[in-house]
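Residues in the sequence shown are numbered from 82 upward in steps of one, following this note's numbering. For glycine and all other residues, C-beta sits at the position ideal for the given N, C-alpha and C. Comments concern the structure below.
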Amino acid sequence: MKTSSIRGLGRWLSGALILVVVALAGWWVGRQGAVPAPAVQTRADAPATLQDPSQWTIAQGEEATRRHLSEGLKAGDQDPVTGRRILNYHDPMVPGRNFEAPGKSPFMDMMLVPRYAGAEGSDSGSVSVSPRIQQNLGLRTVAVTEGRLRSQVLAVGNIAWNQREQTLMSARALGFVERLHVRAELERVSRGAPLLDLYVPEWVAVQEDYLATTRMQGPGADVLREGALARMRQAGLSAEQIDAVVRAGRVQARVTLRAPHAGFVSELMVREGATATPGLPLLRLQGTRQVWAEAEVPESQAAGLRVGMAVSATTPALPGETLKGELQALLPALDPTTRTQRARLVLDNPQGRLVAGQLVQMRLQPDEGEARLLLPSDALIRTGRRNVVMLAEDGGRFRPAEVEVGREADGQVEILSGLQANQRVVRSGQFLIDSEASLRGLQARLNQEAPPPGPTTPTAAAALTHRTEARVTALKPGLVTLDHPPIASLKWPAMVMDFQLPPPQRLPRDLAVGERVQVEFREQEGELPRIVELQRLAPGAPR
Numbered sequence: 082m083k084t085s086s087i088r089g090l091g092r093w094l095s096g097a098l099i100l101v102v103v104a105l106a107g108w109w110v111g112r113q114g115a116v117p118a119p120a121v122q123t124r125a126d127a128p129a130t131l132q133d134p135s136q137w138t139i140a141q142g143e144e145a146t147r148r149h150l151s152e153g154l155k156a157g158d159q160d161p162v163t164g165r166r167i168l169n170y171h172d173p174m175v176p177g178r179n180f181e182a183p184g185k186s187p188f189m190d191m192m193l194v195p196r197y198a199g200a201e202g203s204d205s206g207s208v209s210v211s212p213r214i215q216q217n218l219g220l221r222t223v224a225v226t227e228g229r230l231r232s233q234v235l236a237v238g239n240i241a242w243n244q245r246e247q248t249l250m251s252a253r254a255l256g257f258v259e260r261l262h263v264r265a266e267l268e269r270v271s272r273g274a275p276l277l278d279l280y281v282p283e284w285v286a287v288q289e290d291y292l293a294t295t296r297m298q299g300p301g302a303d304v305l306r307e308g309a310l311a312r313m314r315q316a317g318l319s320a321e322q323i324d325a326v327v328r329a330g331r332v333q334a335r336v337t338l339r340a341p342h343a344g345f346v347s348e349l350m351v352r353e354g355a356t357a358t359p360g361l362p363l364l365r366l367q368g369t370r371q372v373w374a375e376a377e378v379p380e381s382q383a384a385g386l387r388v389g390m391a392v393s394a395t396t397p398a399l400p401g402e403t404l405k406g407e408l409q410a411l412l413p414a415l416d417p418t419t420r421t422q423r424a425r426l427v428l429d430n431p432q433g434r435l436v437a438g439q440l441v442q443m444r445l446q447p448d449e450g451e452a453r454l455l456l457p458s459d460a461l462i463r464t465g466r467r468n469v470v471m472l473a474e475d476g477g478r479f480r481p482a483e484v485e486v487g488r489e490a491d492g493q494v495e496i497l498s499g500l501q502a503n504q505r506v507v508r509s510g511q512f513l514i515d516s517e518a519s520l521r522g523l524q525a526r527l528n529q530e531a532p533p534p535g536p537t538t539p540t541a542a543a544a545l546t547h548r549t550e551a552r553v554t555a556l557k558p559g560l561v562t563l564d565h566p567p568i569a570s571l572k573w574p575a576m577v578m579d580f581q582l583p584p585p586q587r588l589p590r591d592l593a594v595g596e597r598v599q600v601e602f603r604e605q606e607g608e609l610p611r612i613v614e615l616q617r618l619a620p621g622a623p624r
C-alpha cells in the first residue's frame with residue numbers, strides 16, 4: 082500500500098514537470114517568433130515646432146551661431162531647430178562678407194549670424210523683412226500719389242535802379258545855364274519841379290517872330306502864324322514852352338526845364354554859367370516808382386519760370402512787409418561757374434523806400450504743369466547713374482525698382498515712369514533694405530540688364546556718412562578699434578569694432594589707446610567702415 086502511494090506521487094510530479102517544460106518552451110517560441118513594436122524615442126531637447134529664422138533678431142541669430150558651435154554644425158548642414166539648410170554665416174554690420182563656419186565676427190565684437198536656404202522666400206527678386214525687424218529698423222512707407230507739383234523758387238538778390246525810368250535832360254539849342262534849381266546829385270525832386278533855367282538866344286528870335294504874326298491882320302495872317310509856330314518847334318521849344326509864349330503874349334527869355342516825373346538827380350553834368358550846346362547832357366533823372374531786383378536762379382529751376390509771373394519779396398530794411406512785383410526778364414546769360422541764370426524782377430516802390438543795394442529775398446511760383454505721380458524726395462535712392470525706390474509688397478516683402486524722375490520741389494519729386502498710383506514705397510530705412518538686396522544679387526534696379534563697363538559709382542548708401550563718439554581700444558596699421566555707443570542712423574547697438582583709418586596727414590598727432598575721439602565714417606560694401614574724419618576730444622568733454 083505504501084509502495085503504491087509513492088509510485089502515484091512520482092507519476093504526478095513527472096506530469097507536472099512535463100507541463101512546466103512545455104509551457105516554458107511555448108513561451109520561448111512565442112517570444113522568438115513575435116515582431117516587436119517600434120520603439121518611440123522622445124528627445125527632451127527637440128523643439129516642438131520649427132522656428133522661422135526670418136523672424137529672428139540679430140541677438141537670436143547670434144544665439145543660433147553659438148548653438149551651431151556646440152553642436153558642430155556648419156554651412157551645408159541642416160539645422161534641426163529651423164529644419165533648413167545653413168547657407169553661410171555673415172556679419173549684419175559688414176555686408177558682402179560670408180563665412181562657411183560659425184564663429185565670432187572678425188570685424189565686430191559680436192557673433193556671426195547664420196543665413197538659411199529658403200529664408201528669403203520663393204521670390205528671388207525681393208527681400209522679406211519680418212514685422213518685428215521692420216519695427217526695429219524704423220521702416221516707414223508712403224503711397225504714390227497723383228497731383229500737380231506746387232513748386233516755388235526762392236532766390237536772394239539786390240535792389241538796382243530801374244534803367245527804364247531814367248530820363249536824360251539835354252540842350253536842344255545853343256544857350257547858357259543861368260540858374261540851377263538842383264545843385265547836388267541824389268537830390269529828390271517831384272514831378273514838374275524846376276531843374277534849371279536856360280537862356281537860348283535863338284529861341285528869343287523865333288518867339289519874337291511869332292508874336293509879330295499875332296499882331297498882323299488880313300488874309301494870310303493865319304498862315305504866317307502857323308509858320309512861326311512851326312519854326313519854334315523846329316528850334317527845340319517844347320509844347321509846354323510854346324503854350325507859355327502863346328498864353329503870355331510876350332517873349333520868354335529864359336526857359337525853365339522841369340522834371341518830367343518824380344525821382345532824384347542821379348547825375349548833374351553842368352554848373353551855373355556853363356554853355357549848353359545842342360545834344361550836351363545837362364543832368365540825368367532817375368525815377369523811383371519801380372525798382373529792379375536781380376537774382377541768380379539755378380538753371381534747373383529757371384526752365385519753369387516765365388516772364389510776367391507774380392513775385393513776392395521781403396527785405397530786412399522793411400520788416401514785416403511783403404513787396405509785390407513780377408518777373409520782367411530772364412537774362413540770356415548763364416554763369417558757367419555757379420550754373421545760374423540771372424532773373425530780373427520789377428518791384429513796386431510807391432513810397433520810394435527801396436534803394437539800390439538793399440538785399441531782398443524773393444519767392445517765385447512757377448506754373449504747376451500737368452498732373453503727375455508724386456513721391457517724397459527722401460524715398461529715392463540716388464546712385465549717381467539711376468534713381469531707385471524700394472517697393473513694399475504684401476507679406477512683408479520689398480523689391481527695388483528703378484524710376485525716372487522729373488521736377489523736384491518742396492520735398493516732393495515727379496515720377497515720370499517706373500511706378501503706379503497707390504503703390505507703397507519705403508520712405509525711411511530703404512538704404513538698409515537696399516543693402517540686403519545687393520547682398521542677395523537682386524537686379525531689379527538694373528531692369529534685368531548688366532551695368533555698362535567702366536568704373537562703378539558708389540551707392541547712395543555708401544555715400545552717406547555717420548558720426549559718433551568713441552573710445553580707442555586698440556591701434557593697428559591702417560586700423561583702429563573703437564568702443565562706440567549705439568548709432569541711431571545705422572540702427573547699430575553699442576559694440577567694439579574695427580574701422581579703417583584715413584591717411585596719416587588727417588589723423589591727430591600721437592593718437593593713443595584710451596583716448597576719446599569723435600569720428601565721421603562711411604560704410605563700404607564688403608569692407609570695414611572707413612573713417613573720413615577723426616578728432617581728439619578734450620579729456621573733460623561731456624559724454
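9 Å Cβ cutoff met for residue i and residue j
i, j, result
"Arg331", "Leu249", "no"
"Ala252", "Leu361", "yes"
"Leu440", "Glu550", "no"
"Glu483", "Glu489", "no"
"Gln333", "Trp284", "yes"
"Gln442", "Thr395", "yes"
"Asn169", "Glu181", "yes"
"Asp278", "Thr337", "yes"
"Val225", "Arg505", "yes"
"Arg339", "Leu261", "no"
"Ile167", "Lys155", "yes"
"Val598", "Arg552", "yes"
"Leu615", "Val600", "yes"
"Glu375", "Ala241", "yes"
"Leu435", "Ala398", "yes"
"Tyr291", "Val234", "no"
Reduced DSSP secondary structure (H/G/I, E/B, other) of residue i
i, result
"Glu353", "coil"
"Glu266", "coil"
"Arg335", "strand"
"Pro589", "coil"
"Pro379", "strand"
"Pro341", "coil"
"Arg245", "helix"
"Asp160", "strand"
"Arg505", "strand"
"Ala252", "coil"
"Gln371", "strand"
"Ala125", "Model confidence at Ala125 stands at a pLDDT of 42, short of 50, so the residue's coordinates are unreliable; what they give is reported in the following sentence. Looking at Ala125 - three-state DSSP - the assignment turns out to be coil, as it is neither helix nor strand."
"Asp564", "strand"
"Trp284", "helix"
"Met313", "helix"
"Pro212", "helix"
"Val175", "coil"
"Asp475", "helix"
"Ala633", "The requested residue 633 is not part of the displayed model; the chain covers only 82 to 624."
"Leu261", "strand"
"Thr421", "strand"
"Met292", "According to the sequence provided, residue 292 is Leu. The question's Met does not apply to it. Leu292 falls in the helix class under three-state DSSP."
"Leu571", "helix"
Local Cβ density within 10 Å of residue i, reported as buried at 16 or more and exposed below that
i, result
"Pro134", "buried"
"Asp172", "buried"
"Gln409", "buried"
"Pro195", "buried"
"Pro558", "exposed"
"Met192", "buried"
"Asn468", "buried"
"Glu160", "The amino acid occupying residue 160 in the given sequence is Asp; Glu does not appear at that position. So Asp160 counts as buried."
"Val470", "buried"
"Glu143", "buried"
"Leu230", "buried"
"Gly465", "exposed"
heavy atom of the ligand PLP below 8 Å from residue i C-beta
i, result
"Ala398", "For the ligand PLP, the structure offers nothing, since it holds no ligand at all."
is_contact[residue i, chain C] using C-beta, thresh 9 Å
i, result
"Ala437", "Within the model displayed, chain C is absent; a lone protein chain is all it includes."
Cβ distance (whole Å) where residue i is taken to contact residue j below 8 Å
i, j, result
"Arg611", "Leu545", "The pair is not a contact, with the Cβ atoms about 12 Å apart (cut-off 8 Å)."
"Pro359", "Ala286", "That belief does not hold up - the Cβ atoms of Pro359 and Ala286 are roughly 16 Å apart, past 8 Å."
"Gly477", "Gln215", "7 Å"
Looking at C-beta atoms only, is the number of pairs between the stretch 575-590 and the stretch 147-164 that lie closer than 8 Å three or more?
-> no
Counting Cβ pairs closer than 8 Å, one from the stretch 427-438 and one from the stretch 365-382, do we hit at least three?
-> yes
For the stretch 581-589 against the stretch 552-571, are there 3 or more C-beta pairs whose distance is under 8 Å?
-> yes
Just checking, does the stretch 343-357 make contact with the stretch 380-395 on the three C-beta pairs under 8 Å criterion?
-> no
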